[in-house]
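Heads up, the thing below is written out as C-alpha cells.
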Amino acid sequence: MSAEYVEPSPAGGDRYRQRVRSSGSAEDAVRCRLDALAVAARFHGIQLDRKDFRPHPGEEVPSPAALVAWMHQAGLWAKAVRLRWRQLMRLQSEAPLVLLFSDGSAALLVGHDSKREVVFLKDPRTPSADPPIAVDELRLEQLWQGTALLVRRARGGSLEDEPFTLAWLARMVLGERRTLREIVVASLALSVLQILPPFLIMVAIDRVLTHHSMSTLALIALILALIAGYETLLGYARREIVEVMSTRLDARLNLHVFGRLLELPIDFFERTSTGGTTHRISQVFKIRDFLTGKLVSTFLDTFTLIVLLPFLFWLSATLAWMVLAASLLIAVIIAAFLPAIRRVWANMVAAEIKKGAVLVETVHGIRTVKALALENARKLEWDERVAEAGQARLQTGRISNWAQTLVTPIERFIDRGVLLMGAYLVLSAPADTTGVSTGALIAFMLLGTRVAGPLIGLAKLIQDVEDVRSSVAQVGEVLNNPTESAASRGGLRPVFEGAISFNEVTFAYPGAKTSALDRVSFDVPAGTMLGVVGRSGSGKSTVTRLLQGINREYAGFLKIDGADLREINLTHLRRSVGTVMQDNFLFRGTVLDNIIAGRPNLTLEEAVRAARLAGAEEFIERLPGGYETWIEESAANLSGGQRQRLAIARALVADPRIVILDEATSALDPESEALVHANLIRIAEGRTMVIVSHRLASLVDCDRILVMERGRVADIGRHHELIERCAIYRHLWLQQNRHTEALGGQPTPKPAVAPAE
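Under this note's numbering, the sequence shown has 122 at position 122, and the numbering climbs by one with no breaks.
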C-alpha cells in the first residue's frame with residue numbers, strides 16, 4: 001500500500017493523538033468510527049449515512065460486531081481482525097483498513113512505508129484533500145490495541161444468498177469444521193474407553209475368577225476407576241463442545257430465517273395467508289431439534305460403531321452378524337414405509353396450515369367477530385379444520401404404528417436372541433473352538449446394546465431426514481421467494497430534494513386483468529404539496545406504492561430528482577420517504593420508541609418536535625408517563641386518532657424530503673384532523689408532500705391536485721382550475737359539498753365522508 005503523505009516526524013503520532021483527543025466526547029468518537037466506515041464504503045462505491053447506523057443495545061461506542069453488521073446491511077463484506085505492527089507492514093491491499101482505537105475513535109490506514117517503518121493514517125473527519133499523517137510503531141501502540149476492520153465488496157455465492165434447502169443446512173453444519181473435528185477426536189477417545197471396561201470384565205471372569213488372583217482383581221478395579229474418571233472428563237468436554245455448536249447452529253438458523261423473512265417484498269405477505277406463513281416458519285423449530293438433537297446424537301453414535309464393531313467381531317463374528325442382520329432388517333422395513341409416511345405427512349401438514357390460518361384470522365379479526373356475533377360461525381369452521389387435521393394426524397400415526405409394530409419384535413430379538421445364541425455357543429463347544437467364553441459373552445452383551453442402539457438410530461434417521469425434508473420444503477416455500485435484498489444492498493443513495501417524475505408509467509398487479517396504472521405521466525417539483533384524488537380503484541394508492549418501491553415491476557420511468565427509482569437503494573429510499581397510511585401499526589414499547597423506531601439514535605428533542613408537528617404533543621403530555629408511556633399490543637390503550645397522530649410523528653421524525661399521507665387523516669376525529677391540517681403548511685416546509693384523500697376539502701390548499709380515473713391521469717391543476725375544467729373533479733366536489741352549493745355558501749371545512757379507495 002502507498003499514499004501521498006506528510007513527511008514523517010517524531011511528533012506525527014502525537015499530532016494524531018492530539019487531534020483525536022480534541023474531539024472531546026464519546027459522541028464525537030462514535031461519529032469518527034462511523035465516518036471511517038463511510039469512507040471505506042465509498043472506496044467500494046457505496047454511499048453510507050451514519051444516521052442509518054443502529055447500535056447494539058447498551059453500547060455507547062459501536063462495537064466491531066455492530067459495525068460489521070452495518071457493513072453487511074450495506075452489501076459489503078466486513079470482518080473484525082486482530083493485527084500486529086509487522087502484519088500492517090505486509091499489507092498489499094489498495095483498500096483502506098479501518099483501525100479502531102481504544103478511546104472509541106477510528107482512523108483509516110491508507111498506506112505504509114516498510115523502509116521508514118511508519119504507517120499513514122487518515123482522520124475521516126478531515127477534508128479529503130488533507131494528506132495522511134505518518135505514525136511509527138511506538139506512537140501507534142499508544143492509540144491502538146490491534147483491532148481493525150477489513151472491508152471489501154461482498155462476493156456472490158455466499159450461504160446467505162442460497163435457496164433454503166437440505167444442501168443449505170448441510171453447508172451450514174459443515175461450516176463448523178473446527179468444532180466437528182474436536183467432537184470427532186473426543187468421540188473416538190470415548191469409544192476406545194468404552195471398550196476397555198467390558199474387556200477387563202471379560203478378563204476378570206475368564207482369568208481372575210479361574211485363578212483366584214486378588215492382585216489382578218485389584219489392578220482391574222484401579223484401571224476401571226481411572227477409566228471412569230477419564231470418561232467423566234471427556235464426556236463433559238464433549239457435551240460442552242456439542243452444546244456450544246448446537247447453540248451456534250440454532251442462532252445462525254434463526255437469524256437467517258428471520259432476516260430472509262424481512263427481505264421478502266410486501267406483496268408476498270399481501271397474497272399469502274398470515275396463518276399459513278406462520279405455520280411454515282414454525283417448522284424451523286423441528287429443523288432446529290433435528291440439527292441439535294437427533295443429527296448430533298446419531299453423528300456421535302456413528303463413531304461408537306466405528307470403534308466397537310471391530311471389537312464385537314473379535315469377540316464373536318456369529319453374534320456380530322446377528323446384530324447387523326437384525327438392524328439391516330429394521331432399516332428395510334422403515335424404508336418400505338417411507339412413501340406412505342411421506343404422503344400422509346404432507347396431508348397432515350396441509351391440514352395444520354389451514355387450521356392455523358383460521359386461528360390467526362380469528363384472533364386478528366376478533367373485534368369484527370364480536371361485533372357481528374360470528375362466534376358460532378367461526379367455531380364451526382374451526383371444528384371442521386380440527387377434524388381434518390385430526391384425521392390426517394390419525395392416518396400418520398397409524399402408519400407409523402404399523403411400522404413400529406413390525407420393528408419391535410426385531411429389537412427384542414437383538415437383546416434376547418444374542419443372549420440365547422451366545423449361551424448356546426458357550427455350552428456347545430470350548431471357548432478355544434468357538435472363540436466365545438463366558439466372559440466374552442458378557443462383554444458382548446454389555447457392548448451389543450451400545451451397538452444395536454446406534455444401528456437402529458441410523459435406520460430411523462432415514463425417517464427423521466424425510467420429516468426434516470418436509471419441514472425444510474415448507475420453510476423454503478416462504479424463504480425461497482424473490483427478495484428485496486439486492487435492491488436493499490446496492491444502488492444509489494442520493495440526497496433527496498423531492499422532485500418526482502412519472503413518465504409513461506404502466507403497472508398491473510399480479511393476476512389482474514387490467515392495469516392499475518396506464519401510461520401515467522406527471523411532474524412534481526421539489527417542495528410541492530400534491531393532492532391525489534379519484535374514485536375507488538382509480539389508482540391513487542398505487543401511485544404511492546410505486547413511490548415507496550413496494551412494487552418495482554412497472555413499465556416506463558419513475559424518477560426522484562432525476563434518478564431512476566429502480567436504481568436507488570431501497571432502504572435509503574424508504575428511509576428518505578416518510579409514509580403514513582390509513583391503518584398504521586404501532587409496536588409494543590414506549591411512545592418514544594415508536595416515534596423513533598426508524599432512527600433509534602435520534603434524541604428526545606427531535607421526537608418532541610415531530611410530535612408537535614403531527615399534533616400529538618398535547619395528548620402525549622397527558623399520558624401517565626408522557627413519552628415513556630408503554631403502548632400495549634395493537635396499541636389497545638390508545639384511541640384511533642392518537643395512533644394515527646403517532647404514526648404521522650414517526651414519519652416526520654427523520655425529517656424526510658418526501659412525505660406521503662395515504663388517507664392518513666381518515667381515522668381522525670374532527671378536532672385531531674383540524675390540528676393536523678393546521679400544521680400541514682409547517683410540515684410541508686422544504687418537503688414534497690403527496691396527500692391521498694377522499695375529502696376534497698382537505699386538498700383545496702394544495703399547490704397541485706392530481707385527478708386519477710381508471711388508472712389514468714384525468715387532469716392536474718389547482719382546485720379552482722379543476723372545478724372549471726375537470727368534470728370528474730367537479731362531480732366529486734359536488735357530491736361532497738352539494739349542501740353548501742345549494743345554500744350558495746362556501747364549502748364547510750368538514751365535508752361529508754365519501755367512500756375511500
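Here a beta-carbon is modelled for each residue, glycine too, at the ideal position from N, C-alpha and C.
CA-to-CA distance, residue j to residue i, given in whole angstroms
i	j	result
Pro10	Val135	Confidence is the limiting factor: at Pro10 the pLDDT is only 44, short of 50, which leaves the residue's position unreliable, though a coordinate-based value still follows. The alpha-carbon atoms of Pro10 and Val135 are separated by roughly 8 Å.
Arg712	Glu606	39 Å
Gln474	Ala228	45 Å
Asn679	Val608	15 Å
Val653	Leu592	11 Å
Lys294	Glu388	29 Å
Thr483	Leu570	12 Å
Arg738	Ile723	14 Å
Met689	Gly626	29 Å
Ala218	Ala225	11 Å
Leu121	Arg643	50 Å
Ala336	Leu324	18 Å
Ser2	Leu138	With a pLDDT of only 39 at Ser2, under the threshold of 50, the placement of this residue in the model should not be trusted; the figure read from the coordinates follows. Cα-Cα distance, rounded: 21 Å.
Ala611	Phe522	32 Å
Asp467	Ala74	37 Å
Thr147	Glu141	11 Å
Lys460	Met322	19 Å
Val81	Arg493	29 Å
Asn480	Phe164	6 Å
Ala651	Cys32	28 Å
Glu617	Gln145	47 Å
Ala597	His719	36 Å
Leu180	Leu76	29 Å
Glu567	Pro624	46 Å
Ala649	Ala674	16 Å
Pro671	Leu699	Inspection of the sequence shows that residue 671 is occupied by Glu rather than by Pro. Rounded to the nearest angstrom, the two C-alpha atoms are 17 Å apart.
Arg416	Ala443	15 Å
Gly641	Thr292	48 Å
Ser23	Ala36	With a pLDDT of only 44 at Ser23, under 50, the local geometry of the prediction cannot be trusted, and the value read off the model is given with reservation. C-alpha separation (whole angstroms): 14 Å.
Trp168	Ile266	25 Å
Thr589	Ala340	According to the sequence provided, residue 589 is Gly. The question's Thr does not apply to it. Cα to Cα, Gly589 sits roughly 48 Å from Ala340.
Ile550	Thr544	9 Å
Ile620	Ile366	28 Å
Val369	Leu329	55 Å
Reference residue i, options the options, closest by Cα
i	options	result
Val184	Leu224, Thr302, Glu721	Thr302
Leu255	Tyr236, Gly235, Gly104, Phe285	Phe285
Ile89	Val118, Gln194, Leu419	The sequence shown places Met at residue 89, rather than the Ile named in the question. With distances taken between Cα atoms, Met89 lies closest to Val118.
Leu586	Tyr554, Leu638, Leu565, Lys559	Leu638
Tyr554	Arg86, Ala516, Leu309, Ser114	Ala516
Leu109	Trp77, Asp161, Val151, Asp103	Val151
Gln524	Ile500, Gly539, Ala512	Note that residue 524 corresponds to Val in the displayed sequence, not to Gln. Closest by alpha carbon: Ile500.
His279	Val478, Glu621, Ser114	Val478
Ser536	Ala635, Val692, Gly615, Ile648	Val692
Arg236	His211, Leu222, Phe268, Leu190	It should be pointed out that residue 236 corresponds to Tyr in this sequence rather than to Arg. The shortest Cα separation from Tyr236 among His211, Leu222, Phe268, Leu190 belongs to Leu190.
Arg116	Arg86, Ser105, Asp123	Arg86
Leu762	Ile220, Ser213, Glu59, Val192	Residue coverage of the chain in this structure runs from 1 to 757, which leaves residue 762 outside it and unanswerable.
Asp206	Gly457, Val436, Lys559, Thr665	Val436
Residue i, enclosing alpha helix (DSSP H) - first and last residue
i	result
Gln642	640-652
Lys540	540-547
Ile46	Premise fails: Ile46 is in no alpha helix (DSSP H) and is neither H nor E.
Ile410	375-428
Asn503	Unbroken run through Asn503 is the beta strand (DSSP E), 500-507; no alpha helix (DSSP H).
Asp267	266-271
Extent of the continuous beta strand (DSSP E) run through residue i
i	result
Met89	Neither: Met89 is in no beta strand (DSSP E) and is coded neither H nor E.
Phe585	Neither: Phe585 is in no beta strand (DSSP E) and is coded neither H nor E.
Lys115	Premise fails: Lys115 is in no beta strand (DSSP E) and is neither H nor E.
Ala555	555-560
Leu761	Any answer about residue 761 is impossible in this case: the structure gives the chain only from 1 up to 757.
Bridge-paired residues (DSSP) for residue i
i	result
Glu709	Arg712
Trp144	Phe101
Leu732	Partner(s): none; Leu732 has no beta bridge.
Gly534	Met708
Trp630	Thr590
Ile660	Thr579, Val690
Val81	Ala148
Leu121	Leu109, Ile133
Ala563	Ile560
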